[in-house]
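Protein chains: 2
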Amino acid sequence: MEFFEKTGKFAIGSRLRMLNEKISKDAPEIYRLFNVELQPKWFPAFHVLSQGEEKTITQLAKEIGHSHPSVSKIITEMSKKGLVTEKKDEEDKRRNIVTLTEKGREISEKIAFQYQDVNATVEEMLAQTENDLWKALGEWEKLLEQKSLLERVIEKKKERESKMVKIVEFKPEYKQAFRDLNVEWINTYFKMEAADYKALDHPEEYILSKGGYIMVALLEDVPVGVCALIRMDDDPDYDFELAKMAVSPKAQGKSIGKLLGQAIIEKARSVGASKLYLGSNSILKPAISLYHKLGFRMIEGRTSPYVRANVHMEMNLN
Amino acid sequence: MEFFEKTGKFAIGSRLRMLNEKISKDAPEIYRLFNVELQPKWFPAFHVLSQGEEKTITQLAKEIGHSHPSVSKIITEMSKKGLVTEKKDEEDKRRNIVTLTEKGREISEKIAFQYQDVNATVEEMLAQTENDLWKALGEWEKLLEQKSLLERVIEKKKERESKMVKIVEFKPEYKQAFRDLNVEWINTYFKMEAADYKALDHPEEYILSKGGYIMVALLEDVPVGVCALIRMDDDPDYDFELAKMAVSPKAQGKSIGKLLGQAIIEKARSVGASKLYLGSNSILKPAISLYHKLGFRMIEGRTSPYVRANVHMEMNLN
DNA sequence: TTATTTTGCGTAATCAGTTACGTAATTGGT
DNA sequence: ACCAATTACGTAACTGATTACGCAAAATAA
Chain A
1376 MEFFEKTGKF AIGSRLRMLN EKISKDAPEI YRLFNVELQP KWFPAFHVLS QGEEKTITQL
1436 AKEIGHSHPS VSKIITEMSK KGLVTEKKDE EDKRRNIVTL TEKGREISEK IAFQYQDVNA
1496 TVEEMLAQTE NDLWKALGEW EKLLEQKSLL ERVIEKKKER ESKMVKIVEF KPEYKQAFRD
1556 LNVEWINTYF KMEAADYKAL DHPEEYILSK GGYIMVALLE DVPVGVCALI RMDDDPDYDF
1616 ELAKMAVSPK AQGKSIGKLL GQAIIEKARS VGASKLYLGS NSILKPAISL YHKLGFRMIE
1676 GRTSPYVRAN VHMEMNLN
Chain B
1376 MEFFEKTGKF AIGSRLRMLN EKISKDAPEI YRLFNVELQP KWFPAFHVLS QGEEKTITQL
1436 AKEIGHSHPS VSKIITEMSK KGLVTEKKDE EDKRRNIVTL TEKGREISEK IAFQYQDVNA
1496 TVEEMLAQTE NDLWKALGEW EKLLEQKSLL ERVIEKKKER ESKMVKIVEF KPEYKQAFRD
1556 LNVEWINTYF KMEAADYKAL DHPEEYILSK GGYIMVALLE DVPVGVCALI RMDDDPDYDF
1616 ELAKMAVSPK AQGKSIGKLL GQAIIEKARS VGASKLYLGS NSILKPAISL YHKLGFRMIE
1676 GRTSPYVRAN VHMEMNLN
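Just so you know, the protein sequences line up as chains A and B, in that order. Counting from 1 along the first sequence, just add 1375 to a position and that's the residue number in my numbering. Counting from 1 along the second sequence, just add 1375 to a position and that's the residue number in my numbering.
Following this line, the structure appears as C-alpha cells:
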C-alpha cells in the first residue's frame, strides 16, 4: 500500500488491520481446501480444547485472549455442529464445562496436515523477508504490555511541549502576568490575604529589591507560569522562601511547574543559597507532590504569615 | 500472548488482529488528548483530503484501500460534522466530489502536532525493537501481492503430498487397480473400446510380455494412479506409446499425473527408447497441458486404434 | 448467619468494516 | 444512433469482534 508510505507511522493501526484482512480472507478457502469443517474464528478455542483438557468458557477466553461473550458464542456454534459438548459443573453450577466430542477429536486429527502446511508456508514467507514479522509482533506485544501507546504518546507530547517552554528572569512587562496568574489560582482555592497584595502588586519593592528573584515561564512568548524566591530575613535557618508559584490552567500538563521549580532552585543555588523554605496547603496534592519531586521534605512546627499555609517544607541545596 | 507461542505461525491472523485491537483502543483517547474532533476511522480519508485536492468517493476508496461503501459512510459522517462538503460533479452526475471545509482545514492544522507526536512515539518504539514491524508489514504486503497466502498454501500442500506418493513398477497385486482406475475415467468421458478391454484385462499378456512397462503411484501403499508404456511394433518411428494413464479423482491435486509421467519417461529413457507417441482427446485440456509440460509436442496426421484419440503427440528423448 | 461483593456466563446492543444489490449515468461497440 | 456493458455510489444485510448489562451462584465480610 502506497498510502502507508505517504501517511507514515501514524497509520500503523490501519496497516495492521489491512494485512490481517488480506490474510483472513483466504482462511475459509484454506479450511475448505483441507476439507476441515471448521470456521476460522473457531480455531483458537478449538485448538486449546484439542490439547485434551476440558475448559470453562472463561478459562478459554483468558487463554485465547478473547472476551468471554465471544467464546460463549463460538462454543454454542461448535456445539450445534457437534464438535464440543457443554455441561454444567456439579460443584460450581455457574460454570459451563466444554469438551471436544469424538467428532471434534477426529477433526483435530484431520487438521494436523493443514496446520503443518500453513505453518510451513508462513515460515517460508518469514524466511523470505528481512524483517521478521512474527518476532516483531511479539516485541510489540511486550512493549505495549509495559506501557500503552496512549501513555507513550502523552509522554512524547509533554516532552515536545516542555521543549517549547522557555524559563526567563522577571522583566517589568511580566508584572501584570505575575499578578494575574497568582490571583487566579489563589481565588479558586482560598481568599487573597494582605501579604498577597503586597507582594503581587509591588514585586519590585517587596521581592526583587530585597534580593529576591522571580522567574517566568513563556510559551510562545506568552507568560504562562511564574515563581518567586523571596529573601527570608526573619529566619536565619533559611535563605529564601519559594513562593508565588502559579501556572495558567490553559497550559497545564506541560510540566511547566516542574521546569519553573527546577529553574528557580538552580537560581537559588547559583546565588549561594543553602536552604529553602516553602509553605503550602494539604489540599493542593499535585503541588505538594511536585515539591517532593523537586527535593523538598516536610517539616513540622513552623508558622507562616499566610493563613492558608498548613504544610511546611524545606530543602537543602548542598 | 503466550497463546501464540504455543499455537505457532498458524495463528498469525489472530495475532495481527489482537495487536491492532490494543493499538486502536487507545486511538480515540489520543484524539481527545489533542482536542481533535475526529474519529480515528475518519483519518485515512481525512488525510488524503487534507493534501488539498478534491476527490470522489471511489478515488478516496482506492487511495486508502477501503471499500467504497465504507468511504461513503465516513464521508456522510464527516459531512454531518461540517468537516467536508459533498457536491455532484457537473460533467459526470454520478460522481460525488468531496472537499475539506474551512473547519476541516482548521482541524487538519490542529492535527499536525498529534500526527508528529504519534509518529515520533511509533518511531521510538520501532527503534526499541530488533525486528522492524513497519518494514516487516511492508514486506508482507509485497509478498502477498505477488502470491496470495492461499496459493502458497496450495503449493505447500502439493509439495508435501507429492512427497508421500511413491512411484513403483507394476506387480500382479496392482492388476485390479490398473483396470479399475482406467475404466473409471474412460467411462466418465467416453465409452470403453475393444482395445481397452484387451490391455486392461490382460496387461501381462498385451503390455508387459511384449516389452512394455506399467508404473503405479502409491499413496500410503494404496494405488491411486497408473500409467503404461506400450511397445509400438507397427510404427518404426516410435519405440513406445504412453497410454493408460489414470489417476483416482480422490487423489487429484497432488501432481500424481506429473510424477507418473516423469517416472515413465525416465523408464523409457533408461531402456534406450528415443521417441514416444501418445494419443488423447481435445476435450481433456488438463491432460494435454500435462503432456506439454512433460515435453510432448503436437503432431498432425496420424491415426490411432482408439476412436477417442483426436489429438496426437510425440516426444524425443535425446 | 446474613448481607455484600465477586465471579461465570448468557443476551443485547454496538462497531467498523465487509459483500450483495439496485439504480442512474456514462461509455463503447456495431 | 442505439443497445449493452461498465462505472459511481448509496442502501441493506452480514460478520466477527467488542462493551454493557443482568441474573444467579459462590465467596467473603460483618
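Beta carbons are placed, not taken as given, at the ideal position from N, Cα and C, and that holds for glycine. As the structure is a prediction and not an experimental result, all values here were calculated from the model.
query: Among E1429(B), F1385(B) and I1398(B), nearest to P1779(A) - alpha-carbon criterion; result: Because residue 1779(A) is not part of the residues shown, which for chain A are 1376 to 1693, the question remains open.
query: Near-chain A residues of the stretch 1430 to 1461 of chain B - C-beta to any C-beta below 7 Å; result: E1438, I1439 and G1440
query: Neighbour flag for Q1503(A) against chain B, beta carbons, 8 Å; result: yes
query: Distance between beta carbons of L1665(A) and Y1613(A), contact taken as under 8 Å; result: Between L1665(A) and Y1613(A) the Cβ distance is about 20 Å, and since that is not below 8 Å, they are no contact.
query: Any C-beta of chain A under 8 Å from that of H1422(B); result: yes
query: Distance cut-off 7 Å: A1592(A) Cβ against heavy atoms of the ligand FAD; result: Questions concerning the ligand FAD fall outside what the structure shown contains, since it holds no ligand whatsoever.
query: Within chain A, the residues that A1618(B) reaches when beta carbons sit closer than 7 Å; result: Per Cβ cutoff of 7 Å: no residues; A1618(B) is ~32 Å from chain A at best.
query: E1578(A) versus K1550(A): straight-line alpha-carbon distance, rounded; result: The residue you asked about is not Glu; residue 1578(A) is Pro in the sequence shown. Their backbone Cα atoms lie some 8 Å apart in a straight line.
query: Residues of the stretch 1472 to 1484 of chain A with Cβ closer than 8 Å to any Cβ of chain B, in chain order; result: none
query: Distance CB(G1632(B))-CB(G1587(B)) smaller than 8 Å; result: no
query: CB contact flag (I1542(B), M1590(B), <8 Å); result: yes
query: For I1486(A) and V1411(A), believed in contact at Cβ under 8 Å, the rounded distance; result: 5 Å
query: Bridge-paired residues (DSSP) for F1615(B); result: R1606(B) and L1651(B)
query: Neighbour flag for E1548(A) against chain B, beta carbons, 8 Å; result: no
query: Rounded straight-line distance, which links the Cα of K1625(A) to that of R1392(B); result: 38 Å
query: Sequence-distant residues of its chain with Cβ nearer than 8 Å to N1728(B) (five each side left out); result: Outside the displayed span of chain B (1376 to 1693) sits residue 1728(B), for which this structure offers no information.
query: Proximity below 8 Å, CB of D1492(B) to CB of R1535(A); result: yes
query: Top-ranked residue by Cα proximity to L1583(B), from V1622(B), L1659(B) and F1553(B); result: F1553(B)
query: Environment of T1496(A) [buried if 16+ CB atoms lie within 10 Å]; result: buried
query: Straight-line gap, R1470(B) to I1439(B) (C-alpha atoms, nearest Å); result: 18 Å
query: Below-8 Å beta-carbon distance, I1529(B) vs any chain A residue; result: yes
query: Min CB distance K1463(A) to chain B below 8 Å; result: no
query: Contacting positions in the stretch 1490 to 1501 of chain B - beta carbon closer than 7 Å to chain A; result: Y1490, D1492, V1493, N1494, A1495, T1496, V1497, E1498 and M1500
query: Short CB-CB distance (under 8 Å) between G1388(A) and chain B; result: yes
query: Whole alpha helix (DSSP H) elements within the stretch 1542 to 1595 of chain A, 4-residue minimum; result: 1550 to 1564 and 1569 to 1576
query: Cβ separation of L1501(A) and W1509(A), assumed to be a contact under 8 Å, to the nearest whole Å; result: 6 Å
query: Any alpha helix (DSSP H) of 4 or more consecutive residues that is wholly inside the stretch 1384 to 1461 of chain A; result: 1387 to 1408, 1418 to 1424, 1432 to 1439 and 1443 to 1455
query: Anticipated Cβ contact below 8 Å, I1450(B) with E1461(B), distance rounded; result: 6 Å
query: Minimum C-alpha distance to E1530(A) - residue among T1678(B), L1408(B) and L1653(B); result: L1408(B)
query: Assigned secondary structure, A1684(B) (DSSP; H/G/I helix, E/B strand, else coil); result: coil
query: Where G1636(B) sits in the DSSP three-state scheme; result: helix
query: Opposing strand residues paired with I1674(A) [DSSP bridges]; result: H1687(A)
query: Cα-Cα separation, A1603(B) to Y1490(A); result: 36 Å
query: Supposed contact pair L1394(A) and L1512(B) - C-beta distance, whole angstroms, cut 8 Å; result: 6 Å
query: Interface residues of chain B facing G1383(A) [CB-CB closer than 7 Å]; result: N1494
query: Pair within 8 Å by beta-carbon distance, N1691(B) and S1630(B); result: no
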